[in-house]
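J.: Below you'll find the structure I mean.
Residue numbers (the working numbering): 155 to 245.
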């Protein structure tokens with residue numbers, strides 16, 4: 155797991171990466187309200203876009219783990235994981 159200091163650094167890395175510069179509004183730092191599959195299926199394209207904008211794509215949870223805001227699943231538990239994740243997103 156990430157320490158509080160590492161969590162702050164993750165936020166800094168994600169926000170400062172050139173590929174992410176225009177996506178900082180999608181980085182959520184608050185608690186996420188997850189939706190179930192049936193609700194997600196009923197979303198129009200605009201509903202889904204608004205959901206992503208309001209919830210963000212990523213967040214650092216109360217355990218200092220980078221997680222997907224939409225799914226709530228862990229994405230990275232270490233700096234190495236985060237580096238690989240960023241590398242893959244750039245490809």
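Ideal Cβ positions, reconstructed from N, Cα and C, are used throughout, including at glycine.
(1) Note down the Cα distance separating residue 247 from residue 223, rounded to an integer number of angstroms.
(2) To the nearest angstrom, how far is it from the Cα of residue 240 to the Cα of residue 206?
(3) With distances taken from CA atoms, which of 244, 235, 225 and 245 is nearest residue 194?
(4) Here's the rule: buried if 16 or more other CB atoms are within 10 angstroms of the residue's CB, otherwise exposed. What is residue 230?
(5) Below 7 Å CB to CB, which residues in the same chain sit around residue 201 once its five sequence neighbours on both sides are set aside?
(6) Distance check for residue 192 and residue 236, CA to CA, integer angstroms please.
T.: Taking the coordinates as given:
(1) Because the chain in this structure spans residues 155 to 245, residue 247 falls outside the shown range and cannot be described.
(2) 19 Å
(3) 225
(4) buried
(5) none
(6) 31 Å
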